[in-house]
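Q: All residue numbers for the first sequence refer to my numbering, where the first residue is 275 and numbers rise by one.
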Amino acid sequence: MPTKFWLMKSEPDVYSIDDLARDGKTMWDGVRNYQARNFMRDQMQVGDSVFFYHSNAEPSGIAGIAKVASKAYADPTAFDKKDVHFDPKSKKEEPTWFLVDVAFVKKFKNFLSLDDIKKTEGLEGMLLLQKGSRLSVQPVAERHWKVLTQGRRL
DNA sequence: GCCAACGTTGGC
DNA sequence: GCCAACGTTGGC
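1. Measure the Cβ-Cβ separation of Asp375 and Ser334 and say whether it is below 8 Å.
2. My output table needs one value for Tyr308: the three-state DSSP class, helix, strand or coil.
3. What's the gap between the Cα of Ala377 and the Cα of Lys299?
4. Report the option in Gly304, Leu281 and Glu416 whose CA atom is closest to the CA atom of Gly338.
5. Going along the chain, which residues of its own chain have a beta-carbon closer than 7 Å to the beta-carbon of Asn384, five neighbours each way excluded?
6. Within 10 angstroms of the Cβ of Val305, are there 16 or more other Cβ atoms? Answer buried if so, exposed if not.
7. Residues in its own chain within less than 7 Å of Gly321 by CB, not counting five upstream and five downstream?
8. Terminal residues of the continuous alpha helix (DSSP H) containing Lys438?
9. Just the Cα atoms here: how many angstroms apart are Asp354 and Gln404?
10. Should Ser284 go down as buried or exposed, given a rule of 16 or more other Cβ atoms within 10 Å for buried?
11. Please list the terminal residues of the continuous alpha helix (DSSP H) segment that includes Trp419.
12. Tell me which same chain residues have a C-beta within less than 6 Å of the C-beta of Met400, skipping the five on either side of it?
13. Rounded to whole angstroms, what's the CA-CA distance from Arg431 to Gly425? Just pull it up for me.
14. Name the one or two DSSP bridge partners that Gly338 has.
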């Protein structure tokens, strides 16, 4: 598998790095975008590293690190009529939506804000920084991961 | 809360 | 298969 590094977005009001630290592990449910689903279903491997990104936050940015803790399986919230992420088109025999389990690794002592990320050199081409990029699950190039994690007190 | 940039849906 | 209308994301 080519990619071993990922970035996954969550709104901290809904589920933050502190929630993951408390739970230890969580189902990354509610992804309803095909590209994001495909990354989880087709490419993620147990043990892959994940930037836990706080979106729609004050400030937005990378809050810590998590890791992929399961292979992809059907997202149960798609079958649950009472769930906000319910999708009547997804059938149990042939699920539309998938998720992986994500486990807590660390919370950064120094939150890495989007502002900091933008100021960082060597991130040319990083998906997160592309205008209009909204993908909530995205691959991170190894060199970008290194640039962001090395030479910093995180 | 605004709104630009995307993604999806559905009429034709 | 086109594309307008609509819904969502997410920075600001």
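Ideal Cβ placement from N, Cα and C applies to all residues, glycine included.
A: According to the structure data:
1. no
2. helix
3. 4 Å
4. Leu281
5. Arg427 and Leu428
6. buried
7. Lys341 and Val342
8. There is simply no residue 438 to check, as the chain begins at 275 and stops at 428 in what is shown.
9. 34 Å
10. buried
11. Glu416 to Thr423
12. His418
13. In this structure the chain extends from 275 to 428, so residue 431 is not present and cannot be described.
14. Phe326 and Lys381
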